[in-house]
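To keep things clear, I will list the structure first and then write my remarks on it.
Number of protein chains: 2
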Amino acid sequence: MRYVLTVAYDGTEFSGWQRQKGATSVQETLENAVLAALGKTVRVTGSGRTDAGVHAAGQVCHFDLDATVPPEKMPDCLNVKLPASVRVLSGRAGAESFDSCRSAKKKTYRYSLYESEREMPLKERYAVRAESIPTLAALKKAASLMEGTKDFKAFCSSGSAVKTTVRTVYEVRVEEGKSFGSRDVFISVCGNGFLYNMVRTMVGELLDLASGKRSEESLLEAFQSGQRGLLGKTMPAKGLCLMNVAYGEEDEND
Amino acid sequence: MRYVLTVAYDGTEFSGWQRQKGATSVQETLENAVLAALGKTVRVTGSGRTDAGVHAAGQVCHFDLDATVPPEKMPDCLNVKLPASVRVLSGRAGAESFDSCRSAKKKTYRYSLYESEREMPLKERYAVRAESIPTLAALKKAASLMEGTKDFKAFCSSGSAVKTTVRTVYEVRVEEGKSFGSRDVFISVCGNGFLYNMVRTMVGELLDLASGKRSEESLLEAFQSGQRGLLGKTMPAKGLCLMNVAYGEEDEND
Chain D
1 MRYVLTVAYD
11 GTEFSGWQRQ
21 KGATSVQETL
31 ENAVLAALGK
41 TVRVTGSGRT
51 DAGVHAAGQV
61 CHFDLDATVP
71 PEKMPDCLNV
81 KLPASVRVLS
91 GRAGAESFDS
101 CRSAKKKTYR
111 YSLYESEREM
121 PLKERYAVRA
131 ESIPTLAALK
141 KAASLMEGTK
151 DFKAFCSSGS
161 AVKTTVRTVY
171 EVRVEEGKSF
181 GSRDVFISVC
191 GNGFLYNMVR
201 TMVGELLDLA
211 SGKRSEESLL
221 EAFQSGQRGL
231 LGKTMPAKGL
241 CLMNVAYGEE
251 DEND
Chain H
255 MRYVLTVAYD
265 GTEFSGWQRQ
275 KGATSVQETL
285 ENAVLAALGK
295 TVRVTGSGRT
305 DAGVHAAGQV
315 CHFDLDATVP
325 PEKMPDCLNV
335 KLPASVRVLS
345 GRAGAESFDS
355 CRSAKKKTYR
365 YSLYESEREM
375 PLKERYAVRA
385 ESIPTLAALK
395 KAASLMEGTK
405 DFKAFCSSGS
415 AVKTTVRTVY
425 EVRVEEGKSF
435 GSRDVFISVC
445 GNGFLYNMVR
455 TMVGELLDLA
465 SGKRSEESLL
475 EAFQSGQRGL
485 LGKTMPAKGL
495 CLMNVAYGEE
505 DEND
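Sequence lines, in order, name chains D and H. Counting along the first sequence from 1, when you hit position 180 you're at 180 in the working numbering, and nothing is skipped either side. Counting along the second sequence from 1, when you hit position 74 you're at 328 in the working numbering, and nothing is skipped either side.
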């Protein structure tokens, strides 16, 4: 049986999604929970890797297992074996053709910022501080420049080997709120796939564009030339959260 | 010079505000930061104790120190010596008659809940999960029963020695929101002072009243008799946050 799970995690203490020697990954933590709960060794495949420190509210993964546990009981079965920083939110059965990585149609990431002169301990874990964040109007204008089917090569950190660097970004949504007396800004990016560090580089560039530190012209040049050096900095991991992975009409959730 | 500081902290790893042997308190952490930064031993007095695990976005404290550091520079001076879980947000000079505890006129605490069938790792640190939380209307109705000048003896955990258990609760405000696909409920309580565990007991009782598990009659009986047994449970510490301490018109902040 192919088990498909939706998983949430606080990425602070993890070396990232992917299993690696000498470090604690989310993938290995889930595999260990299956072993502890059911005595079986499985290989868990995620919809994609998340970097060290990146969080997830709706990561999707799958594994094959010869077990009698109904998929909807898998959360209860595994959660008792998982550390508090990881929780299986739901489980379902997947077709043999389903692959949580290759079948993914759309992913949504959210980046969280807050505006404050000083660090706020109750926000620091899941958001990144800035002394000043551009206005919502300026951010929305810059966000619209990132939408569409484009070559995002310049937004990709070096070292990744991919066939194509063309991706479709369906929407870059900017929202704001207020909590603990300071301004919060959330940038949600929905696309058909993302290159390594792409969202974090998009957010850095967005802030620079909206503040006037960089121009629309240099962004267009970056899209054309693919040169990483033409863009703003890659933002820290802790502000990023994988919100949702969608697999087609019947699998849509929010 | 009397230095008055506004301090925020993530209470998760602390044994509470008050210094105690063999445990790490926020008070001691601040005193150690003054010692490390300025080489002086001080005794920091807070507006009140917060329990182990309780957070603060706006705790106020003071200490006397013969130093040339301007009060508004004290945050920069101490923050470099503090762990990331504690930050001094602002500093000012206080009159000799000012006492962060005795001079406090109003305090506001906020309790955070979220509604979810399962634990959500990104909410668990600062909020308490409930499978079902009553409607906003029912919560507001119950909240109004807690407001006013009353004897809150039944809301006080045993073991505390206070002159009077009469307190004035100016407002119990209930708000809701949504994040990561689940409902959030915030209960803010503003009063002239609070007994030990009073806010956490108020929230437990509020939930019971709003869900119909307990009646308005039993609440009135609890107010009259002062019997703790007539009320709902004391809610966990991690959902509680000291938001603000006000000292009079000129010191009002939010």
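Each residue gets a CB set at the ideal place from its N, CA and C atoms; glycine is no exception.
Original post:
Under three-state DSSP, which class holds Cys331/H?
Top reply: Of the three classes helix, strand and coil, the one that applies to Cys331/H here is helix, per DSSP.
Original post:
To which residues does DSSP link Val162/D through a beta bridge?
Top reply: Val162/D has no beta-bridge partner at all, per DSSP.
Original post:
What is the C-beta distance between Tyr365/H and Met497/H, in whole angstroms, given that I count them as a contact (C-beta under 8 Å)?
Top reply: With a beta-carbon spacing of about 10 Å, Tyr365/H and Met497/H fall beyond the 8 Å limit used to define contacts.
**OP:** Using a Cβ cut-off of 9 Å (strictly closer), state whether Ala37/D contacts chain H.
**Re:** By this cut-off, Ala37/D is not an interface position.
Original post:
Does any CB atom of chain B fall closer than 9 Å to the CB of Cys241/D?
Top reply: The chain labelled as chain B is not found among the protein chains of the depicted structure, namely D and H.
Subject >> Phe63/D - containing beta strand (DSSP E), residue span >> reply: Segment 55-64, the beta strand (DSSP E) holding Phe63/D.
Original post:
Which term fits Leu393/H, buried or exposed, when burial requires 16 or more other beta carbons within 10 angstroms of its beta carbon?
Top reply: Classification of Leu393/H: buried, given that the 10 Å Cβ count is 16 or more.
Subject >> Collapsed DSSP secondary structure at Phe155/D in the structure displayed >> reply: Three-state result, Phe155/D: helix.
Original post:
Buried or exposed: where does Leu220/D fall if 16 or more other Cβ atoms within 10 Å of its Cβ makes it buried?
Top reply: The residue is exposed, with fewer than 16 neighbouring Cβ atoms inside 10 Å.
Original post:
Whose CA, out of Val166/D, Asn79/D, Gly248/D, Glu205/D, lies closest to the CA of Leu145/D?
Top reply: Checking every option, the nearest Cα to that of Leu145/D belongs to Glu205/D.
Original post:
Taking a cut of 8 Å between CB atoms, which residues from the region 375-394 of chain H lie near chain D?
Top reply: Listed by position along the chain: Pro375, Leu376, Glu378, Arg379, Tyr380.
Original post:
Which first and last residues belong to the beta strand (DSSP E) in which Arg437/H is found?
Top reply: Secondary structure note for Arg437/H: its beta strand (DSSP E) is the uninterrupted segment 436-445.
Original post:
Is the Cβ-Cβ distance between Ala397/H and Val428/H less than 9 Å?
Top reply: Yes, Cβ-Cβ distance for Ala397/H and Val428/H is below 9 Å.
Subject >> Residues of its chain near Gln59/D, where Cβ-Cβ distance is below 8 Å and the 5 sequence neighbours each way are ignored >> reply: Scanning its chain for C-beta atoms nearer than 8 Å, with the 5 sequence neighbours on each side dropped, one finds around Gln59/D the residues Thr6, Val7, Ala8, Tyr9, Trp17, Val26, Gly46, Ser47, Thr50, Leu242, Val245, in chain order.
**OP:** Within the region 192-242 of chain D, note down every full alpha helix (DSSP H) run reaching 4 residues or more, in order along the chain.
**Re:** List check, alpha helix (DSSP H) in window: 198-211, 216-225.
Original post:
For the region 220-233 of chain D against the region 154-169 of chain D, are there 3 or more C-beta pairs whose distance is under 8 Å?
Top reply: They touch, by the three-pair rule.
Subject >> Close Cβ partners of Phe268/H (< 7 Å) along its chain, the five nearest in sequence each way excluded >> reply: For Phe268/H, where only same-chain residues beyond five positions count, the Cβ hits under 7 Å are Thr278, Ser279, Val280, Ala306.
Original post:
Which residue from Ser433/H, Asp353/H, Thr422/H puts its Cα closest to that of Met452/H?
Top reply: Nearest option by C-alpha distance: Thr422/H.
**OP:** Look up Gly11/D in the DSSP assignment and say whether it is helix, strand or coil.
**Re:** DSSP places Gly11/D in helix when its eight states are reduced to three.
Subject >> Span of the alpha helix (DSSP H) around Thr283/H >> reply: Element bounds for Thr283/H: 280-292.
Original post:
Excluding the five sequence neighbours on either side, which residues of its own chain have a C-beta within less than 8 Å of the C-beta of Phe352/H, listed in chain order?
Top reply: Taking Phe352/H as the centre and dropping the five residues before and after it, the same chain places the C-beta of Arg256, Val258, His316, Tyr501 closer than 8 Å to its C-beta, in chain order.
Subject >> Segment limits, alpha helix (DSSP H) that includes Ala381/H >> reply: For Ala381/H, no alpha helix (DSSP H) encloses it, and the DSSP letter there is neither H nor E.
Original post:
How about Asp438/H and Ala381/H: do their beta carbons lie closer than 9 Å?
Top reply: Against a cut-off of 9 Å, the Cβ pair of Ala381/H and Asp438/H comes out as a contact.
**OP:** Return the residues of the region 100-123 of chain D that lie within a Cβ-Cβ distance of less than 8 Å from chain H, sorted by chain order.
**Re:** Residues passing the 8 Å Cβ filter: Arg118, Glu119, Met120, Pro121, Leu122.
Original post:
Shorter than 9 Å from the beta carbon of Ser339/H to some beta carbon of chain D?
Top reply: It does: the Cβ of Ser339/H has a partner Cβ on chain D nearer than 9 Å.
Original post:
the region 46-75 of chain D: which residues have C-beta closer than 9 Å to a C-beta of chain H, in chain order?
Top reply: Going along the region 46-75 of chain D in chain order, one finds His55, Ala56, Ala57, Gly58, Pro75 with a Cβ nearer than 9 Å to chain H.
Subject >> Start-to-end residues for the alpha helix (DSSP H) that takes in Leu139/D >> reply: That run of the alpha helix (DSSP H) goes 136-144.
Subject >> Distance CB(Leu390/H)-CB(Glu430/H) smaller than 9 Å >> reply: Yes, the pair counts as a contact, with Cβ atoms nearer than the cut-off.
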